[in-house]
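Q: I'd like to ask some things about the structure below.
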Amino acid sequence: MADSSDTGTADERAPTPRPLWTVVDGSVRLLSTRCLRCGTVAFPPQRYGCPSCGADGDALVESLIPAAGTLHTFTTVHLDPKHETPFQVGEVATSADPLVRCRLRIDRPRIGQQLLARIRVGDDGETLEFVAVEEEADRDAADAPEIAGTEEAVDG
Amino acid sequence: MGRNILADREVNVVGIGLHPYVRQSERTYVTMGLTAVREALADAGLAWSEVESAYVGNARIGMAAGSTMLKYLGSSGLAVAQVENASASGSTAVRQAAFDVASGATEVSIAIGVDKVAPGRRGGPVMAEVRSLADGLIQPFSHFAMLTERYLDDTGATIEQVAGVAVKNHRNGARNPYAQRQKVRTLEEVLAPPQISGPLTRLQCTPVGEGAAAVIVASTDAIDRLGLDRSRAVRILSSASRLEEFTPGVNMDVALTETTTRQALEAAAVEPADVDIIECHDAFAIEELLYVEAMGVCDEGEAVRRLENGDFDIGGDVAVSPSGGLIAMGHPIGPTGVGQVCEITRQLRGEATGRQHPGARTAIAHMVGVGAVCVVHILQRA
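Chains G and A, in that order, give the protein sequences.
Here the first sequence is numbered in this note's numbering, starting from -19 and rising by one per residue.
Here the second sequence is numbered in this note's numbering, starting from 103 and rising by one per residue.
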């Protein structure tokens, strides 16, 4: 990336890679950006400026929001040269405002249904995906060994 | 909002030209671009030396593509700039050319769109390095597949009804010799696999190919001075261009088209009910339904019924995408917005042989691009 002869701090040159979620008291939280000037909460997080009012610098603070909400819309992707298909993606309307675009893993997706986030551990590390609360309740914990439940200790 | 400078000084489309939209080919972009420009010059009855400025819209062929190509039209020293605005690059070239004439900076200008199927380069959304939970997973077709699912849920419409847009636009494209897809398709064919994303099948999606389009604009003074045919001139009444606004909880695609179209219609003093032709950014079938509602051409939730009624057909209340739209005519990116103005001009002149919408007088050209941006022009027969 930027070489050491560049002027400015690392933060000015490029956004510092940061995680998009963390686990607090056993539940997944999304890292978002809150604007102290207008109150807008934006996801994904960034330091460039508030997409609503344009405030920057100290007016932007990191904020943790619940990784849960309702299914706003979804699709099953069948064409993608870089990923194994099919897979599901969607938009989740979180209670804290932002519409979050994410991977889904839902047997029978239905707009409006309650979702929560699960951390999935795969070959390429951890990814976050949203699942249906109602399907989770039915799911036998034993048949989903790859999915680390939010109740399990995952250090954030 | 500033005043409408297109009302201050009349800007007329006086020449149109196209290179057909095609799949990836051996032709260079120069060959295609020059074909469109020379056809537009011949259509106008104009010499290249009269053109004072050129805006070349493209998104995939890189730096200085426009100036390199234009040298082969003969030495004239005109002002040249390349315009990139994602899928709205060509529409933005039209806007800049029209503004040159409206401002009095030039008497005759040209907007050109030209592009090749070329390997994608890292664009703004990637280079900004704002990571998301779905990086690289949501291509445009999946974005619009999600809008389709939401529309079906909100309105109770069926995918067969949405796919009706593609049936109509393939039928129109079959009558357009410049279209990339020139085949009539049944509903069964449109809904047949391959499935691309969710309910979207291949024939509900635009084919991204290559080609070129050119539009020459001139002042009314220039028409008289150069002896151009005034009866074939079509006026550009207004131009609106907007970046989406941050409006949580609102369908931003719909809101962007709504505000941009309203701005353009108000500037032109045209009511939605007065519109005879719409060339619409129908890269995916669902878009036409969302946008005609957003434009105020029909009430919210009414688009499906109006489509089924034939109201959007050539010969209906308002012909939507008589060219075949992006779904059938194609979407070579840079040329697309310029090509819309070519089709509209042909329709408003009454020269769209085989696909003429009777009595066409007023039209909307509408494009959206990644960003998201929206560019709308209102055109009218003199």
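Glycine is no exception: its CB is placed at the ideal position from the N, C-alpha and C atoms.
List, in order along the chain, the chain G residues whose C-beta lies closer than 8 Å to that of Leu239 of chain A?
A: Residue 239 of chain A sits at position 137 when you count from the first residue of the second sequence. Those are Val57, Asp60, His63, Phe67, Val69 and Arg83, listed as they occur along chain G.
Q: Determine whether the beta carbon atoms of Ala316 of chain A and Ala138 of chain A lie at a separation below 8 Å.
A: Working through the second sequence from its first residue, we reach residue 316 of chain A at position 214. Working through the second sequence from its first residue, we reach residue 138 of chain A at position 36. For Ala316 of chain A and Ala138 of chain A, yes; Cβs fall inside 8 Å.
Q: Strictly under 8 Å for the Cβ-Cβ distance: is Ser12 of chain G near chain B by that measure?
A: In summary, chain B is missing from the structure at hand, where the protein chains are G and A.
Q: Would you say Leu108 of chain G lies against chain A (beta-carbon separation less than 8 Å)?
A: Start at 1 with the first residue of the first sequence, and residue 108 of chain G comes out as number 128. Yes, Leu108 of chain G counts as interfacial toward chain A.
Q: Between the stretch 200 to 214 of chain A and the stretch 20 to 30 of chain G, are three or more C-beta pairs nearer than 8 Å?
A: The stretch 200 to 214 of chain A, when compared against the stretch 20 to 30 of chain G, does not touch it at the 8 Å Cβ threshold.
Q: So Gly168 of chain A packs on Ala156 of chain A, CB below 8 Å; how close in whole Å?
A: Counting from one through the second sequence, the residue named residue 168 of chain A turns up at place 66. Counting from one through the second sequence, the residue named residue 156 of chain A turns up at place 54. Right, the Cβ-Cβ distance comes to about 7 Å (below 8 Å), so this counts as a contact.
Q: Of all Cβ atoms in chain A, is any one closer than 8 Å to the Cβ of Ile86 of chain G?
A: Along the first sequence, one-based indexing puts residue 86 of chain G at 106. False, the Cβ-Cβ gap to chain A never drops below 8 Å.
Q: Which full runs of the beta strand (DSSP E) of 3+ residues lie inside the stretch 64 to 117 of chain G, going along the chain?
A: 67 to 74, 79 to 84, 94 to 102 and 105 to 112, all fully within the stretch 64 to 117 of chain G.
Q: Strictly below 9 Å CB to CB, what residues from chain A border Leu44 of chain G?
A: As a working note, residue 44 of chain G is residue 64 in the first sequence. Correct list: empty, because the minimum Cβ distance to chain A is about 15 Å.
Q: Quick check on the burial criterion: 16 or more other C-beta atoms within 10 angstroms. Buried or exposed for Ala259 of chain A?
A: Position 157 of the second sequence, counted from the first residue, corresponds to residue 259 of chain A. Result: buried.
Q: Closest by CA to Cys33 of chain G, which one among A:Lys218, A:Leu249, A:Ala421 and A:Phe348?
A: One-based indexing of the first sequence puts residue 33 of chain G at position 53. The shortest C-alpha separation from Cys33 of chain G is found at A:Phe348.
Q: Kindly indicate which three-state DSSP category Cys444 of chain A falls into: helix, strand or coil?
A: Here the question's residue 444 of chain A lines up with position 342 in the second sequence. Reduced to three states, the DSSP call for Cys444 of chain A is helix.
Q: Pull up the DSSP beta-bridge partners for Ile118 of chain A, would you.
A: Within the second sequence, residue 118 of chain A is the residue found at index 16, counting from 1. According to DSSP, which records beta bridges pairwise, Ile118 of chain A is partnered with A:Val317.
Q: Under a three-way DSSP split, which group does Pro302 of chain A fall into?
A: The sequence position of residue 302 of chain A within the second sequence is 200, counting from 1. Residue 302 of chain A is actually Leu in this sequence, not Pro. Three-state DSSP puts Leu302 of chain A in a strand.
Q: Apart from the five residues just before and just after Pro46 of chain G, which ones in its own chain have a Cβ nearer than 7 Å to its Cβ?
A: Walking along the first sequence from the start, residue 46 of chain G turns up at place 66. Excluding sequence neighbours, Pro46 of chain G sits near Arg9, Thr74, Ser75 and Ala76.
Q: What in chain G is Cβ-close to Ala247 of chain A, meaning under 7 Å?
A: Translated into positions along the second sequence, residue 247 of chain A becomes position 145. Those are Thr55, listed as they occur along chain G.
Q: Quick one: using the 10 Å Cβ neighbour count with 16 as the cut-off for buried, is Asp(-9) of chain G buried or exposed?
A: Here residue -9 of chain G refers to the residue found at position 11 of the first sequence. Interpretation of Asp(-9) of chain G is limited by its pLDDT of 43, a score under 50 that renders its predicted location unreliable; the figure taken from the coordinates is listed afterwards. Per the 10 Å Cβ criterion, exposed.
Q: Decide if Arg111 of chain A is buried, meaning its Cβ has at least 16 other Cβ atoms within 10 Å, or exposed.
A: Counted from its first residue, the second sequence places residue 111 of chain A at position 9. Flag for Arg111 of chain A reads exposed.
Q: Counting pairs of Cβ atoms below 8 Å between the stretch 107 to 120 of chain G and the stretch 394 to 406 of chain A, do you hit three or more?
A: No contact exists between the stretch 107 to 120 of chain G and the stretch 394 to 406 of chain A.
Q: Helix, strand or coil for Tyr253 of chain A? Go by DSSP, reduced to three states.
A: Within the second sequence, the letter at position 151 stands for residue 253 of chain A. The answer is helix: DSSP assigns Tyr253 of chain A an H, G or I state.
Q: Please confirm whether Gln93 of chain G has its beta-carbon closer than 8 Å to some beta-carbon of chain A.
A: Within the first sequence, residue 93 of chain G is the residue found at index 113, counting from 1. Answer no: the Cβ-Cβ gap between Gln93 of chain G and chain A never drops below 8 Å.
Q: Based on the DSSP output, what are the partners of Ala183 of chain A in its beta bridges?
A: As a position in the second sequence, residue 183 of chain A is number 81, starting the count at 1. Looking at the DSSP assignment, Ala183 of chain A forms a beta bridge with A:Tyr157.
Q: Under 8 Å between the Cβ atoms of Ala366 of chain A and Ser341 of chain A?
A: Position 264 of the second sequence, counted from the first residue, corresponds to residue 366 of chain A. Position 239 of the second sequence, counted from the first residue, corresponds to residue 341 of chain A. The answer is yes: Cβ separation under 8 Å.
Q: I'd like to know if Ser75 of chain G contacts chain A, where contact means its C-beta is closer than 8 Å to some C-beta of that chain.
A: Translated into the one-based positions of the first sequence, residue 75 of chain G becomes position 95. Not closer than 8 Å to any Cβ of chain A, the Cβ of Ser75 of chain G fails to qualify, so no.
Q: Please tell me whether Val113 of chain A and Arg337 of chain A are closer than 8 Å, where the distance is taken between their beta carbons.
A: Walking along the second sequence from the start, residue 113 of chain A turns up at place 11. Walking along the second sequence from the start, residue 337 of chain A turns up at place 235. Against a cut-off of 8 Å, the Cβ pair of Arg337 of chain A and Val113 of chain A comes out as a contact.
Q: Would Glu312 of chain A pass as a contact of Pro221 of chain A if the rule is Cβ separation under 8 Å?
A: Here residue 312 of chain A refers to the residue found at position 210 when the second sequence is read from its first residue. Here residue 221 of chain A refers to the residue found at position 119 when the second sequence is read from its first residue. Contact flag unset, no.
Q: Looking only at its own chain, which residues have a Cβ that is under 6 Å from the Cβ of Gln126 of chain A, when we skip the five neighbours before and after it?
A: Here residue 126 of chain A refers to the residue found at position 24 when the second sequence is read from its first residue. Taken in chain order, the residues that qualify are Val219.
Q: Using a Cβ-Cβ cut-off of 8 Å, state whether Ser32 of chain G counts as contacting chain A.
A: Working through the first sequence from its first residue, we reach residue 32 of chain G at position 52. Ser32 of chain G counts as touching chain A.
Q: Is it right to say Lys270 of chain A is buried, meaning 16 or more other beta carbons lie within 10 angstroms of its own, or is it exposed?
A: Within the second sequence, the letter at position 168 stands for residue 270 of chain A. The residue in question, Lys270 of chain A, is buried, as its Cβ has 16 or more Cβ neighbours within 10 Å.
Q: Once DSSP output is grouped into helix, strand and coil, what is the label at Gln126 of chain A?
A: Counted from its first residue, the second sequence places residue 126 of chain A at position 24. Three-state DSSP puts Gln126 of chain A in coil, outside helix and strand.
Q: Please compile the residues from chain A whose C-beta is within a distance smaller than 7 Å of the C-beta of Val80 of chain G.
A: On the first sequence, position 100 is the one that residue 80 of chain G refers to. Near Val80 of chain G (Cβ distances below 7 Å), the residues of chain A are Leu235.
Q: Any idea what DSSP makes of Leu136 of chain A, helix, strand or coil?
A: Here the question's residue 136 of chain A lines up with position 34 in the second sequence. In this structure, Leu136 of chain A counts as helix in the three-state DSSP scheme.
Q: Nearest-angstrom Cα distance between Gln306 of chain A and Leu11 of chain G?
A: As a first step, residue 306 of chain A is located in the second sequence; it is residue number 204 there, counting from the start. As a first step, residue 11 of chain G is located in the first sequence; it is residue number 31 there, counting from the start. Going from the Cα of Gln306 of chain A to the Cα of Leu11 of chain G covers about 37 Å.
Q: Where do the N-terminal and C-terminal ends of the alpha helix (DSSP H) with Pro227 of chain A fall, by residue?
A: As a working note, residue 227 of chain A is residue 125 in the second sequence. Start and end: Gly226 to Met229.
Q: Under 8 Å, do Ile380 of chain A and Ile466 of chain A count as touching if we go by C-beta distance?
A: Taking the second sequence and counting its residues from 1, the one referred to as residue 380 of chain A is at position 278. Taking the second sequence and counting its residues from 1, the one referred to as residue 466 of chain A is at position 364. Yes, Cβ-Cβ distance for Ile380 of chain A and Ile466 of chain A is below 8 Å.
Q: Return the residues of the stretch 252 to 274 of chain A that lie within a Cβ-Cβ distance of less than 8 Å from chain G, sorted by chain order.
A: Within the stretch 252 to 274 of chain A, the residues whose Cβ lies closer than 8 Å to some Cβ of chain G are Arg252 and Asp255, listed in chain order.
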